[in-house]
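Inspection log for the structure reproduced underneath, given as structure tokens.
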Amino acid sequence: MEGRKLTINLKKANTFSIVLFVGTAFVALVATKLIWGEAFVINPIMPPESDAEQKGALVVLLKTALLIIGCIVVHELIHGITWAMFAPKGWKSISFGVMWKFLTPYCHCDEPMIIRHYIWGALTPLIFLGILPLIGGIAFADPNSLAFGIIFTSAAAGDIMVVWLLRHEDAFSEVLDHPSEAGCIVYDKKH
């Protein structure tokens, strides 16, 4: 069966990620400030003055880096869990890896599924790691949730771009995750 390849350029995806980060941060911070007014304060980060403060700052930085790396793994696991629910062979169809040239982790499903299921799997990490923390951060004026939501909304930039490529496709056509590039192969539904 012949398919149409729909892929994204990872350099453009990384650029879009930066734009998405800035835009999401702006909107989230303005919304939170409009809702909470003076009650919403982000304390400036001051440089550490003592050795103890430097060590504490280093520990916080290390914990933050580990949290982000862990959540990147969770992001890919969420793709895998969602796609495994729709793939006929379940987990046997799911694999994980890293495109080292672009420092881009990925989850891959090697079985076709209908487009609406593929889109659901592509966007689920954005919903759980990006949008929900953003909503919580705005609702409770929590800078940590806001930061988390902003980072993981922008981390879904490639997923958003792939879904955008599928926006005009028949939701019941089949799609196969591309085996070596960021994107997919669409198999048109026969009418």
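Just so we're aligned: the sequence shown equals residues 3 to 193 in our numbering.
No residue lacks a Cβ here, since even glycine has one placed at the ideal position from N, Cα and C.
Got a sec? Which residues, its chain only, sit under 7 Å from threonine 84 by beta carbon, not counting five neighbours each side? Around threonine 84: Trp122, Gly123, Thr126.
Limits of the beta strand (DSSP E) - the one that arginine 6 falls within: 6-9
Considering only the beta carbon of each residue, do isoleucine 80 and leucine 131 sit closer than 9 Å? yes
Just the Cα atoms here: how many angstroms apart are serine 147 and phenylalanine 23? 14 Å
Less than 8 Å between C-beta atoms, sequence neighbours within five positions excluded: which residues of the same chain meet that for lysine 91? Glu113
Taking all protein chains shown into account, decide if threonine 66 is buried (16 or more other Cβ within 10 angstroms of its Cβ) or exposed. Threonine 66 is exposed by the Cβ-count criterion.
In angstroms, rounded to a whole number, what distance separates the CA positions of alanine 149 and histidine 110? 28 Å
I need the boundaries of the beta strand (DSSP E) containing phenylalanine 110, first residue and last residue. Note that residue 110 is histidine in the sequence shown here, rather than phenylalanine. Element bounds for histidine 110: 106-111.
Going by the CB atoms, is the gap between glycine 160 and phenylalanine 28 shorter than 9 Å? Remark: C-beta atoms of phenylalanine 28 and glycine 160 do not approach each other more closely than 9 Å.
Please look up how many angstroms separate the CB atoms of isoleucine 129 and threonine 34, rounded, as I've assumed it's under 8 Å. Not quite, the Cβ-Cβ distance comes to about 20 Å (not below 8 Å), so this is no contact.
Alanine 59 versus proline 50 - alpha carbon distance: 7 Å
What's the call for leucine 136, buried or exposed, on a 16-neighbour Cβ count within 10 Å? It counts as buried.
When burial is assigned at 16 or more other CB atoms within 10 Å of the CB, is leucine 63 buried or exposed? It counts as exposed.
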